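Q: I'd like to ask some things about the structure below.
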Amino acid sequence: MPENLFKVNKEEYMLPGNRACQGCGLSLGYRYILKALRENTILTIPASCLTVLHGLYPTTSVALPCLNCTFASTAASASGLVAGLNALNRGDITVVAVAGDGGTYDIGIQALSGAAERGTDFIFVCYDNEGYMNTGTQRSSATPMGALTTTTPIHTKQQNKKDMLKIMEAHDLPYIATVSPAYPMDLYDKFVKAKRIKGTRYLQMSAPCPPGWGFPPKDMVKLSRLAIETGMFVLYEVENGRFSFTGRSKTLAEKGKRLPVINYLERQGRFRKMSLEQLSQIQRWVDGKWNEYVRRAETN
Amino acid sequence: MSRTEILTGNQAAAEGAKLCHIQVVSAYPITPQTSLTEYLSQAIESGQLKAEYVRVESEHSALSVCIAASSVGARAFTSTSSHGLLYMHEQLHWAAGSRLPIVMCCVNRGVGAPWSIFNDQQDSISQRDTGWIQIYCRDNQEIIDTLIQAYRIAELVKIPVMVCYDGFVLSHTMMPVEIPDAETVDAFLPPYHAHTILSPEDPRNINPVTFPWRRADQDGVMCDGYMELRYKLQTALEAAGETIAAVGRDFAERFGRDHGGLLWRYRTEDADVILTGMGSIATEATMAVDALREQGIAAGVVGLRVYRPFPKAAVREAFRDARAVLVMEKDISYGYEGALCSDLKAAFYGTEISAPIHNVVAGLGGRDVKARELAEVTREILDRIAAGQPEGPTTWLNCRTDTLTE
Ligand SMILES: Cc1ncc(C[n+]2csc(CCOP(=O)(O)OP(=O)(O)O)c2C)c(N)n1
Ligand code: SF4
Ligand SMILES: [Mg+2]
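So the sequence lines, in the order shown, correspond to chains D and C. Residue numbering for the first sequence follows this note's numbering, starting at 1 and increasing by one per position. Residue numbering for the second sequence follows this note's numbering, starting at 1001 and increasing by one per position.
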């Protein structure tokens, strides 16, 4: 889709030389997220790898205004920005909260649920690297079953990943979407769309993490794609309750050619201790989710 | 024109907040603060007050909302009590560290376990080291007046202010309160201008990771490290005492009411014995002093209005001629003594003040404190001092320490 490239905002908001690791999925995706959001935006971010990416005082690698907030408070911080801007008649500014999976699924879920229930006019972005990476790869409720982390160092994680998107859907939001750094045009379009919608918009980005997941930095895009090919990560959007596949996941749904999850798992060191039982459990779990999506896409 | 109404402490606080043209309110219900959030909701929904009310799901979020709203330049208000304040702990540090002029009412209440909804000051005292200014009020008039002063102080010194008043004793007790007229308040309290406004016109990364050492910005100019920022907060707090006193004087000139600035005195001119405390226990002590004087004991009261920054110089001056000091407080620093008592002793260190100092912990979890009992315990302690006991064990007033259950 070369013609699509022309529509991408030429402006760079992520300046060269940030502190993310080589091959960081967040880093690549974030660049396109910011391009789609453009200038009239205020960000708020909690403790996470993103804090580090944004840089050390007094310099920053991101050319958009940003309020750092505590780990649990991201969505409340966004609510305060929205309230303050409304009080000052600056409601035209888009408020965007960006948190990791820990800051979304775990410690930040209360504030997020509150803000979403209130219909706060903001975009919440969860970049999901499936663990507490900033503190050195501990388990989160977004970590998939069978993964080694520093807090599941021997037996691997025993539970499946929490279905955060379903939880957010239960809030009846106007817009929910998933994005991948491997498909920047799909990502870009979704953020452009999200920016135009009013109310709470929730976007979740898959964010492969070379050191945390155990794969070479050069394979980040390849791995992101494999996540989608296997159905471990699915590209879709839910607009006012209407589910639709997008991009590569749409093609997969139409052609029915998903790869087995092993193709994705075997490339990552974190799954090296996974049992065969876990492998078949994960496959069943992915199949179940996928079938649910397909059913929803058909009934729409 | 000002008008006088019969108001509870929480109503007085709500009237004060309205006069300050607060722009963003975020608070969460907890006894005994709850009715304050209800009054403000009523004022906003009825159109009386033009402000955004963010009905959050917790106190942690309430203060987070205020922090963010204040960062874009809005005047923000919150209120809480007890467990709500403790739940805000992380955000209390964050607000002060960000140097945001947020004002909060802390309606003082005991903390669990076990549950207590009744008054003491353990909640705010345990947040002493979060970098907030703490002011304790004696009556409902002082609540409304202090709230108006609080925004002026906070915005001048760029430090958040906690206006503390005793739960039920003040929050739910009706008293006549003079509500100042809006124009006089407007002249006293100019609109809020943030020190650093977060806006797309001037993109900044506010409160990022800051290293122990100084670092250069993009133009090579060296900027503060973490430790310099902490030093600035500390020196600003130390200097804030003068601002608080000056704002109090200016308020007195414009509104005709002087609550004493950093501290107030009652019958201390010729007093040998000084009773001291914060909030309503200090008011109770004034009645104890009247009774003691009738019995021929030259007693007086120094009420501390400002607890942080600790008014060291004013305290030294106020206690200079004391022959005995009784510190009465509704909190305890477990494993030592009442926090105010320790702070006073530290303030006296190295001065001529060598009066015996006795600590009376009273009213925890709402246990009654009567003026008569304060007078009695004062006499008992004076007897102990006369018997050569310059410092005693902390007295737990009205606490049946003799018949404790296993
Ligand atoms: C209240 C609190 N608890 C713990 C931490 C330590 N901490 C900082 S970042 C982090 C993990 C962040 O994980 P996630 O949100 O997934 O973002 P990531 O680092 O993976 O990008 C933790 C545990 C903190 N800053 N605050
Ligand atoms: S640890 Fe992972 S998520 Fe964090 S910066 Fe490095 S690659 Fe990115
Ligand atoms: Mg993470």
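Heads up, the beta-carbon is just placed ideally off N, CA and C, and yes, glycines get one too. In this text the structure is predicted, and so the values were computed from the model without any measurement.
Going by alpha carbons, who is nearest to E1038 (chain C) out of C:A1051, C:G1047 and C:N1010?
A: When only C-alpha atoms are compared, the closest one is C:N1010.
Q: Output needed in chain order: residues of the stretch 1082-1102 of chain C with a Cβ under 7 Å from some Cβ in chain D.
A: Those residues of the stretch 1082-1102 of chain C that come within reach of chain D (Cβ to Cβ, closer than 7 Å) are E1090, Q1091 and W1094.
Q: Which of helix, strand or coil does DSSP assign to L1263 (chain C)?
A: In the structure shown, L1263 (chain C) sits in a strand (DSSP, three-state: E or B).
Q: Which residues end up in the neighbourhood of ligand 2 when you take C-beta atoms closer than 7 Å to any of its heavy atoms?
A: Those residues are D:A20, D:C21, D:G23, D:C24, D:G25, D:L26, D:S27, D:C49, D:V52, D:L53, D:N129, D:M133, D:N134, D:A207, D:C209, D:P210, D:P211 and D:G212, given in chain order.
Q: Identify the residues that DSSP records as bridge partners of H1358 (chain C): which are they?
A: C:L1326.
Q: Below 8 Å, can you find three or more Cβ-Cβ pairs linking the stretch 1221-1231 of chain C to the stretch 1142-1159 of chain C?
A: Contact between the stretch 1221-1231 of chain C and the stretch 1142-1159 of chain C is absent, because fewer than three Cβ pairs lie under 8 Å.
Q: Would the beta-carbon of G1073 (chain C) fall within 8 Å of that of L88 (chain D)?
A: Against a cut-off of 8 Å, the Cβ pair of L88 (chain D) and G1073 (chain C) comes out as a contact.
Q: Shorter than 8 Å from the beta carbon of I42 (chain D) to some beta carbon of chain C?
A: Yes, contact with chain C.
Q: Pull up the distance between the alpha-carbon of Y32 (chain D) and that of E12 (chain D), whole angstroms please.
A: Each residue's Cα considered, the two are about 9 Å apart.
Q: So, with DSSP's three-state summary, where would you put V286 (chain D)?
A: In this structure, V286 (chain D) counts as helix in the three-state DSSP scheme.
Q: Would T156 (chain D) and K7 (chain D) be called neighbours here (beta carbons separated by less than 8 Å)?
A: No. Outside cutoff.
Q: Ends of the alpha helix (DSSP H) at V1301 (chain C)?
A: Not the alpha helix (DSSP H): V1301 (chain C) falls in the beta strand (DSSP E), residues A1299 to L1304.
Q: Name, please, each residue of chain D whose Cβ falls closer than 7 Å to the Cβ of L1404 (chain C).
A: None at all; the shortest Cβ gap to chain D is about 39 Å.
Q: Since S224 (chain D) contacts G25 (chain D) with CB under 8 Å, what's their CB separation in whole angstroms?
A: Indeed, because the Cβ distance is near 6 Å, the residues count as touching under 8 Å.
Q: Find the residues of chain D that neighbour G1131 (chain C), judging by a C-beta separation of less than 8 Å, and give them in chain order.
A: Going along chain D, no residue has its Cβ under 8 Å from G1131 (chain C), so there is no contact; the nearest lies around 15 Å.
Q: Taking its Cβ as the centre, do 16 or more other Cβ atoms sit within 10 Å of V1221 (chain C), making it buried, or is it exposed?
A: Per the 10 Å Cβ criterion, exposed.
Q: Tell me whether D101 (chain D) counts as near ligand 3, meaning its Cβ is closer than 7 Å to at least one heavy atom of that ligand.
A: Checking the Cβ of D101 (chain D) against ligand 3 gives yes.
Q: Short of 7 Å in beta carbon distance, which residues of its chain neighbour E1005 (chain C), apart from the five on each side in sequence? Order them along the chain.
A: For E1005 (chain C), where only same-chain residues beyond five positions count, the Cβ hits under 7 Å are V1177 and I1179.
Q: Taking 7 Å as the cut-off, is the CB of S140 (chain D) close to at least one heavy atom of ligand 3?
A: For ligand 3, at least one heavy atom lies less than 7 Å from the Cβ of S140 (chain D).
Q: Tell me whether G55 (chain D), by its Cβ, gets closer than 7 Å to a heavy atom of ligand 1.
A: Result no, Cβ not under 7 Å from ligand 1.
Q: What are the residues of the stretch 1188-1215 of chain C that lie near chain D, defined by any Cβ-Cβ distance shorter than 7 Å?
A: Per Cβ criterion, the list reads L1198, S1199, P1200, P1203, R1204, N1205, I1206, N1207, P1208, V1209, T1210, F1211 and R1215.
Q: Once you ignore the five residues that flank A47 (chain D) on each side, which residues in its own chain have a CB closer than 6 Å to its CB?
A: Hits under 6 Å: F71.
Q: Give the residues from the stretch 1369-1386 of chain C that approach chain D closer than 9 Å (Cβ to any Cβ), ordered along the chain.
A: Under the 9 Å Cβ criterion, the stretch 1369-1386 of chain C contributes no residue.
Q: May I ask you to list, following chain order, the residues of the stretch 1043-1065 of chain C that have a beta carbon less than 9 Å from some beta carbon of chain D?
A: The stretch 1043-1065 of chain C vs chain D, Cβ under 9 Å: K1050, A1051, E1052, Y1053, V1054, R1055, V1056, E1057, S1058, H1060, S1061, A1062, L1063, S1064 and V1065.
Q: Residues in the same chain with beta-carbon distance under 6 Å from Y132 (chain D), minus the five sequence neighbours each way, listed in chain order, please.
A: For Y132 (chain D), where only same-chain residues beyond five positions count, the Cβ hits under 6 Å are G102, Q138 and S140.
Q: Please return the same chain residues whose Cβ sits closer than 6 Å to the Cβ of A76 (chain D), not counting the five positions on each side in sequence.
A: These residues qualify, in order along the chain: A111.
Q: According to the neighbour-count rule (16 or more other Cβ atoms, all chains shown, within 10 Å of its Cβ), is H1195 (chain C) buried or exposed?
A: H1195 (chain C) is exposed by the Cβ-count criterion.
Q: Looking only at its own chain, which residues have a Cβ that is under 6 Å from the Cβ of A36 (chain D), when we skip the five neighbours before and after it?
A: If we look at A36 (chain D) and ignore the five residues flanking it on each side, its Cβ neighbours are Y188, F191 and V192.
Q: Could you tell me if M1 (chain D) is buried or exposed, where buried requires 16 or more neighbouring beta carbons within 10 angstroms of its beta carbon?
A: Unreliable positioning characterises M1 (chain D) in this predicted model, as indicated by a pLDDT of 45, which lies under 50. The coordinate reading is nonetheless provided below. Looking at its Cβ environment, which holds fewer than 16 other Cβ atoms inside 10 Å, M1 (chain D) is exposed.
Q: Expressed to the nearest angstrom, what Euclidean distance is found between the alpha-carbon atoms of I1135 (chain C) and N160 (chain D)?
A: If you take the alpha carbons of I1135 (chain C) and N160 (chain D), they lie about 51 Å apart.
Q: Could you name the residues of the stretch 1173-1189 of chain C whose beta carbon sits closer than 8 Å to any beta carbon of chain D, in the order they occur along the chain?
A: Listed by position along the chain: nothing, the set is empty.
Q: With a CB to CB cut of under 8 Å and the five nearest residues on each side skipped, what residues in its chain are close to L85 (chain D)?
A: The residues are I42, G91, I93 and V95.
Q: Return helix, strand or coil for I1135 (chain C), following the three-state DSSP convention.
A: Three-state DSSP puts I1135 (chain C) in a strand.
Q: So, is the C-beta of V62 (chain D) closer than 8 Å to a C-beta in chain C?
A: Taking Cβ atoms only, chain C reaches closer than 8 Å to V62 (chain D), which makes this a yes.
Q: Helix, strand or coil for S1079 (chain C), going by three-state DSSP, please let me know.
A: Strand.
Q: Between K162 (chain D) and A177 (chain D), is the Cβ-Cβ spacing less than 8 Å?
A: Against a cut-off of 8 Å, the Cβ pair of A177 (chain D) and K162 (chain D) comes out as no contact.
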